[in-house]
Amino acid sequence: MVYLPTLTEGPLARFLLCTIFTTVFVNATFILYMLRVFGELIPPDPVHSYIGADYPAQLPLRVPTVGLSFNFATSNFSLFADDEWDTQYPASDGFTDLGPGNRTFTISMIHQIHCLDVFRVGFVTNRTHMAEHVEHCLRYMRLAVLCNADTTLEEAEPGMMDGQWVYLATSGGLGAVHRCRDWTAVRQYLDENPAHPLDG
Numbered sequence: 439m440v441y442l443p444t445l446t447e448g449p450l451a452r453f454l455l456c457t458i459f460t461t462v463f464v465n466a467t468f469i470l471y472m473l474r475v476f477g478e479l480i481p482p483d484p485v486h487s488y489i490g491a492d493y494p495a496q497l498p499l500r501v502p503t504v505g506l507s508f509n510f511a512t513s514n515f516s517l518f519a520d521d522e523w524d525t526q527y528p529a530s531d532g533f534t535d536l537g538p539g540n541r542t543f544t545i546s547m548i549h550q551i552h553c554l555d556v557f558r559v560g561f562v563t564n565r566t567h568m569a570e571h572v573e574h575c576l577r578y579m580r581l582a583v584l585c586n587a588d589t590t591l592e593e594a595e596p597g598m599m600d601g602q603w604v605y606l607a608t609s610g611g612l613g614a615v616h617r618c619r620d621w622t623a624v625r626q627y628l629d630e631n632p633a634h635p636l637d638g
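Residue numbers (the working numbering): 439 to 638.
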């Protein structure tokens with residue numbers, strides 16, 4: 439019978455173990471080095487003074503993405519529901535303080551809700567002195583819609599309108615799931631971080 443050495447004894451085993459440990463050590467060292475190199479390529483979060491134009495473009499908050507299916511079947515938020523529309527504004531009407539000097543900001547979401555409310559109030563009261571404010575809000579909301587560029591598909595079919603064949607949005611926007619940012623996270627932030635009260 440011929441005796442064959444096992445891999446756990448003798449010079450061959452020691453050589454293989456040394457080779458394996460050396461390879462693992464070199465690879466681990468290389469990976470750590472590359473993580474450090476790539477880590478230096480990622481720019482650090484900017485530090486802002488909040489003086490003049492030196493502030494972030496967005497609220498410093500990670501807002502999760504959620505799916506939202508529009509539902510208009512409810513009677514909530516009618517033209518005349520002042521109390522319900524008032525619930526759309528968080529603490530301090532959506533203003534928040536940021537930075538070391540507590541500089542006050544609002545966010546576009548709140549401005550957009552405000553503009554929708556201006557449309558509603560202007561329609562209900564038919565106040566002509568609101569025309570300038572309504573016009574500002576109409577332009578603002580147009581840009582907000584273009585900025586968000588929601589590409590969710592909504593069904594359309596041919597139909598007659600004013601004696602002509604046209605495509606009509608048959609669903610009225612219902613049922614399609616939109617990819618949205620979770621506005622409740624933004625609302626919670628604003629409720630927890632209101633602007634300082636004004637004296638006077």
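Backbone N, C-alpha and C define an ideal beta-carbon position, used for all residues, glycine too. These numbers were taken from a predicted model, which means no experiment stands behind them.
Practice task
Assign Thr534 to buried or exposed, taking buried as 16 or more other Cβ atoms, counted over all protein chains shown, within 10 Å of its Cβ.
Solution key: One-based indexing of the sequence shown puts residue 534 at position 96. Around the CB of Thr534, 16 or more other CB atoms lie within 10 Å, so the residue is classed as buried.
Handout entry: Secondary structure of Tyr493, DSSP reduced to three states
Key = Residue numbering aside, residue 493 sits at position 55 when the sequence shown is read from its first letter. Correct three-state label for Tyr493: coil.
Exercise for the section: Name, in chain order, the residues that DSSP records as bridge partners for Trp603. Expected result: For this step, residue 603 is matched to residue 165 along the sequence shown. According to DSSP, Trp603 bridges with Met598.
Handout entry: Residue of Ser507, Met598, Tyr627, Ile458 minimising C-alpha distance to Thr544
Key = Within the sequence shown, residue 544 is the residue found at index 106, counting from 1. Taking only the C-alpha atoms, the option nearest Thr544 is Tyr627.
Problem - Pair within 9 Å by beta-carbon distance, Leu497 and Val615 - result: For the purposes of this step, residue 497 is identified with residue 59 of the sequence shown, where counting begins at 1. For the purposes of this step, residue 615 is identified with residue 177 of the sequence shown, where counting begins at 1. Not a contact, by the Cβ cut-off of 9 Å.
Exercise for the section: Within 10 angstroms of the Cβ of Met640, are there 16 or more other Cβ atoms? Answer buried if so, exposed if not. Expected result: Residue 640 is absent from the structure shown; the chain starts at 439 and stops at 638.
Exercise for the section: Ignore the nearest five residues each way along the sequence and tell me which others in Leu517's own chain have a CB closer than 7 Å to its CB. Expected result: Position 79 of the sequence shown, counting from 1, holds the residue named residue 517. So the list reads Arg558, Phe561, Val562, once near-sequence residues are dropped.
Exercise for the section: Would you kindly report the start and end of the unbroken beta strand (DSSP E) that includes Leu506? Expected result: Taking the first residue of the sequence shown as 1, we reach residue 506 at position 68. Run containing Leu506: 503-507, per the beta strand (DSSP E) assignment.
Problem - Unbroken beta strand (DSSP E) run spanning His616, endpoints - result: Stepping through the sequence shown from its first residue, residue 616 is reached at position 178. Here the beta strand (DSSP E) through His616 covers 615-619.
Handout entry: Distance, His549 Cα to Asp524 Cα
Key = By 1-based counting over the sequence shown, the position of residue 524 is 86. By 1-based counting over the sequence shown, the position of residue 549 is 111. Taking the straight line joining both Cα atoms gives about 14 Å.
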